[in-house]
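In what follows, a single structure is set out as structure tokens and then discussed.
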Amino acid sequence: MNSLAERLDAIDRRLLDLESGLAASRPEDLAAFLAPAVDAVRESMRAYLESEGKKPVPSTDADVLDVWKALVKGDPAWNAIRDNTRELVYYANCLAAGRADALPAAPQKMAVRTARHVYLYVRTRALKEGRVSD
27 MNSLAERLDA IDRRLLDLES GLAASRPEDL AAFLAPAVDA VRESMRAYLE
77 SEGKKPVPST DADVLDVWKA LVKGDPAWNA IRDNTRELVY YANCLAAGRA
127 DALPAAPQKM AVRTARHVYL YVRTRALKEG RVSD
């Protein structure tokens with residue numbers, strides 16, 4: 027298994043790839059950006075949980091909110107990213123319900139930026155704890 031630093035670096039590269047496609051994107055492209063953004067968030071949280079080794083780690087296909095719930099259990103500081111994970115689920119629910127009208131402007135950009143925010147939160151926490159280095 028790769029180290030936490032290696033896994034976070036790989037997620038960072040995936041997010042950079044997503045970010046590089048945003049300039050030419052349209053709101054209709056949300057689905058193409060949302061799934062990889064959610065995967066990046068899920069994988070960031072799972073990588074941290076696995077590195078920590080104190081809590082059960084949800085499966086790779088677990089809902090992103092279920093992974094967050096595992097992370098926050100016994101550590102309320104992780105509530106800081108709760109709304110970010112919920113926002114991504116909301117976007118997915120809007121797509122599934124055919125309710126693109128309920129999405130914010132440029133939802134594809136918001137999804138990727140939200141994923142970047144969660145990634146940075148996880149990485150910063152890992153840095154503070156000495157699990158990864160700069």
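In our numbering, the protein residues as written are 27 to 160.
C-beta atoms are modelled at their ideal positions from N, C-alpha and C, and glycine is treated no differently.
Only a predicted model underlies this, so the values are computations on that prediction, with no experimental measurement involved.
Legend entry - Cα-Cα separation, Ala-118 to Asp-160: 33 Å
Legend entry - Close-in-space but distant-in-sequence residues of the same chain around Ala-31 (CB under 6 Å, 5 per side omitted): Excluding its 5 nearest sequence neighbours in each direction, Ala-31 has C-beta neighbours in its own chain below 6 Å: Val-158, listed in chain order.
Inset, instruction - Answer yes or no: do Ala-137 and Phe-59 have a C-beta to C-beta separation smaller than 8 Å? - result: yes
Legend entry - Classification of Ala-14 by the beta-carbon crowding that lies within 10 angstroms, buried from 16 upward: Outside the shown range of the chain (27 to 160) lies residue 14, about which nothing can therefore be said.
Inset, instruction - Work out the CA separation of Val-93 and Arg-84 for me, nearest whole Å. - result: For clarity, residue 84 is Pro in the given sequence; the question names Arg instead. If you take the alpha carbons of Pro-84 and Val-93, they lie about 6 Å apart.
Legend entry - Nearest-angstrom Cα separation, counted from Ile-37 out to Gly-47: 16 Å
Legend entry - His-143 to Ala-96 span [Cα, whole Å]: 19 Å
Inset, instruction - State the DSSP-derived secondary structure class of Glu-155, mapped to helix, strand or coil. - result: coil
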